[in-house]
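Worksheet for the structure shown next.
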DNA sequence: CACAACTATTGAATCGATTTAATTAGTAGA
DNA sequence: TCTACTAATTAAATCGATTCAATAGTTGTG
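Chains as they are written, first to last, in the numbering used here: chain A, 1 to 357; chain B, 358 to 714.
Structure follows, in structure tokens:
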């Protein structure tokens, strides 16, 4: 075809300059919409854009980033993508980023702390302009975020409360969640309610318990200590399931009576259902069970799991918006407002809970 | 501190050159292990490395890529990351890439075809050196890969058979999978076996059916046409579940007798279990159910789902290895060997199937 | 001893953009 | 008339590496 170099070398800015009859400088200014483009005549702009278009010009990301010292990327570091909890958060992040000029660079630390740090460094090397850490409940708080503090990189953490200078967090209101969970069971008539608390090291765990406790206090509901158990420290995404199985088996063996159970999260709840079934009982007939999170598979189990939903997609969006906000104000002194953002949980009614006969 | 410039400007190659006493050229050659480094004296190398180390030098990715025309990255394009099927494949890819100098750049098309193309272009713009497409069963075959063919970019597709020039695929041996599935039920004594086939447009679906059919032929097992149904075209990752519910309800209503059911995949199987339970029956007591895939949640449902495992992590690894291989031979003419790689499925025994009473 | 071949290192060009300071022209105010 | 400012455009420097051709020095060989 006429005009198309047989050598399929890339189309560069200079090609556009030649074709449009303006200098590379002007072309650059127009196409990258630099501040100076205010002074460029409208006709010039148009002609340059047309030339670029007709040549199919795409700026070279590397050259651009090298000179401008901007990457137009945001690092998204997930601690363990196999945790179903994460996926919807990612969706929220991606959707929010879509309308901007930022590109997410997603890395999965595969539940490995070293990997996490390695990828963290890689993201820094790639000069991401901001960072979103998706921290599932396995995320070890101790010191892992130390290095985040050093760099002055606007950072948001989703799913974990990390109150540090220049680091913002978005999490669900765990206390309210716990409150709602028992409230639901209470309103169904249950009074002997077992609770499987999360690992003690997890702040989520304690907050949810606080909510449960507060409700109990307000309604003079007796929480029998013998019916309150705690998951051991978690190792991988499904250890919650196994913990749920074991603790529930143990509760059943103990011959304590209970007609309902609040599980720390959905996986624990699924474990409880499994244990119940193993003992020849079933939910909700013999025992109502409520989970927490509303991970996708909660809707797919039989019975469908009644649970407290974390608005995961919203959490992703909220974190991203705040990050963008910090980035927009002034890139140099970008500071994420430090405070914590709490999102409201919601009760999702399915079939694992029922009115006490 | 002594030596540390208060202005925290980056450490560049020139700084290392100054400190080590060699020229930038030599430093570059040594640190990037270019071919010429064969001729650099061992002592020189050592001194340069030490200088770089002590300054904390990290090469600038953008400058490097600009000049060398290499990005050291591999694009990983997932059609829908919320499909549990994908996650383990990703893990396989990442693990294989870890020991190399390639960095995966992961993008999630969020089940949106336009998004897929947008991200595809973005990856090209970022000059990835190879591409891995993780295509779950929702991936629309028609024409979506057209553009892959144009660019001469080494490409592997996981989870879908795309036989195109210069595109390799890695999938599970679906026919064998189907064969194993009925075989298992047959050996448990089942003779009246229902089958929920996948959407007709899906080649997976037909292959699995072929396997089932072949087994039936070899063992003169009668497959009652009235017990064979087909899922409608899929829309989102969980439409298999709903399809499973509806078809199973329909089968139950039809009053045809069957003691076992082969579901197209795990989600469909979970749907079948749900429908069974809705009709007051349960698996495996009233009907044995076998799924396909072994997605993570198959182990968490009650009863645990007996299923045919796709070796997803291996599939990811295999695809990556072959891509690396193509990349290694000669970057310019890198060609992925076109042929399809079939991985063996395996029966995973859990509790949703049992011997016919 | 001349010539090649190899070792060891470097100067200078280059990748493709952005950005700064400079240039020109026009126009308004003192 | 001179200054000051704005509008419109551009030449040239720059970002931080890689790479190629060039330069010596050294060794081998016929």
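Every residue gets a Cβ at the ideal spot worked out from N, C-alpha and C, and that includes glycine.
> What does residue 420/B pair with, by DSSP beta-bridge criteria?
Replying inline: DSSP output for residue 420/B lists no bridge partner at all.
> Would you call residue 456/B buried or exposed, if buried means 16 or more other Cβ atoms sit within 10 Å of its Cβ?
Replying inline: exposed
> Where does residue 5/A fall in DSSP's three states?
Replying inline: For residue 5/A, the predicted model reports a pLDDT of 37, less than 50, meaning its position is unreliable; a value from the coordinates is still stated below. Look at residue 5/A here: in three-state DSSP terms it is coil, with no helix or strand label.
> Three or more beta-carbon pairs under 8 Å between the segment 597-607 of chain B and the segment 561-568 of chain B, yes or no?
Replying inline: Touching, no.
> Checking contacts by CB at 7 Å: is residue 631/B closer than that to chain A?
Replying inline: yes
> Got a sec? Which residues, its chain only, sit under 7 Å from residue 347/A by beta carbon, not counting five neighbours each side?
Replying inline: 180, 184, 308
>> On the criterion of 16 or more Cβ atoms from any shown chain inside 10 Å, does residue 152/A qualify as buried, or is it exposed?
In response: exposed
> Under a Cβ-count criterion, where at least 16 other Cβ atoms within 10 Å of its own Cβ denotes burial, should residue 110/A be classed as buried or exposed?
Replying inline: buried
> My guess is that residue 156/A and residue 170/A are in contact by the Cβ rule of under 8 Å, so how many angstroms apart are they, rounded?
Replying inline: The pair is a contact, with the Cβ atoms about 7 Å apart (cut-off 8 Å).
> Around the Cβ of residue 357/A, are there at least 16 other Cβ atoms within 10 angstroms (buried) or fewer (exposed)?
Replying inline: exposed
>> Can you confirm whether residue 297/A, when its beta carbon is compared against all beta carbons of chain B, has any partner nearer than 7 Å?
In response: By this cut-off, residue 297/A is an interface position.
> Can you name the residues of chain A whose CB is closer than 7 Å to the CB of residue 418/B?
Replying inline: 125, 126
>> Rounded to the nearest angstrom, what separates residue 3/A and residue 123/A at their Cα positions?
In response: The predicted model places residue 3/A with a pLDDT of 38, which falls under 50 and marks its position as unreliable, so this point remains unresolved.
> Who are the near neighbours of residue 386/B in its chain, counting only those whose CB is closer than 8 Å to its CB and skipping five residues on each side?
Replying inline: For residue 386/B, where only same-chain residues beyond five positions count, the Cβ hits under 8 Å are 393, 394, 397.
>> Could you tell me the alpha carbon to alpha carbon distance between residue 83/A and residue 681/B, rounded to whole angstroms?
In response: For residue 83/A and residue 681/B, the gap between their C-alpha atoms comes out near 28 Å.
>> My output table needs one value for residue 436/B: the three-state DSSP class, helix, strand or coil.
In response: Coil at residue 436/B, not helix or strand.
>> Taking contact to mean 3 or more Cβ pairs, one atom from each stretch, closer than 8 Å, check whether the segment 339-355 of chain A and the segment 123-136 of chain A are in contact.
In response: no
> Distance, Cα to Cα, residue 556/B vs residue 22/A?
Replying inline: 56 Å
> Between the C-alpha atoms of residue 227/A and residue 259/A, what's the straight-line distance to the nearest angstrom?
Replying inline: Approximately 11 Å, taken between the alpha carbons.
> From what residue to what residue does the alpha helix (DSSP H) around residue 155/A run?
Replying inline: Taken as a continuous stretch (DSSP letters only), residue 155/A belongs to no alpha helix (DSSP H), being part of the beta strand (DSSP E) at 155-158.
>> What would DSSP say about residue 35/A, mapped onto helix, strand or coil?
In response: helix
>> Please tell me whether residue 712/B and residue 614/B are closer than 7 Å, where the distance is taken between their beta carbons.
In response: no
> How do the segment 290-299 of chain A and the segment 265-278 of chain A stand: do at least 3 beta-carbon pairs fall below 8 Å, yes or no?
Replying inline: yes
>> Please list the terminal residues of the continuous alpha helix (DSSP H) segment that includes residue 249/A.
In response: Residues 239-253.
>> Just list the residues that DSSP pairs residue 104/A with in beta bridges.
In response: 74/A
> If you check the beta carbons only, do residue 609/B and residue 636/B fall under 7 Å apart?
Replying inline: yes
> So which residues of chain A does residue 634/B contact, with C-beta pairs closer than 8 Å?
Replying inline: 302, 303
> Is it the case that the Cβ atoms of residue 553/B and residue 592/B are separated by a distance below 7 Å?
Replying inline: no
>> Let me confirm a value: residue 345/A is counted as buried when at least 16 other C-beta atoms fall within 10 Å, else exposed. Which label applies?
In response: buried
> Taking any Cβ of chain A, which residues in the segment 443-469 of chain B have a Cβ under 9 Å from it, in chain order?
Replying inline: 444, 445, 447, 448, 451, 452, 455, 460, 461, 462, 463, 464, 465, 467
>> To the nearest angstrom, how far is the alpha carbon of residue 176/A from that of residue 340/A?
In response: 15 Å
>> I'd like to check one pair, residue 76/A with residue 93/A: are the Cβ atoms closer than 7 Å?
In response: yes
> Taking the continuous beta strand (DSSP E) assigned at residue 701/B, which residues delimit it?
Replying inline: That residue, residue 701/B, is in no beta strand (DSSP E); it is neither H nor E in DSSP.
> Going along the chain, which unbroken runs of the beta strand (DSSP E) with 3 or more residues stay wholly within the segment 465-495 of chain B?
Replying inline: 487-491
> Which partner residues of residue 618/B appear in the DSSP bridge assignment?
Replying inline: 551/B, 646/B
> Based on the DSSP secondary-structure assignment, which residues constitute the bridge partners of residue 666/B?
Replying inline: Paired residues: 650/B, 703/B.
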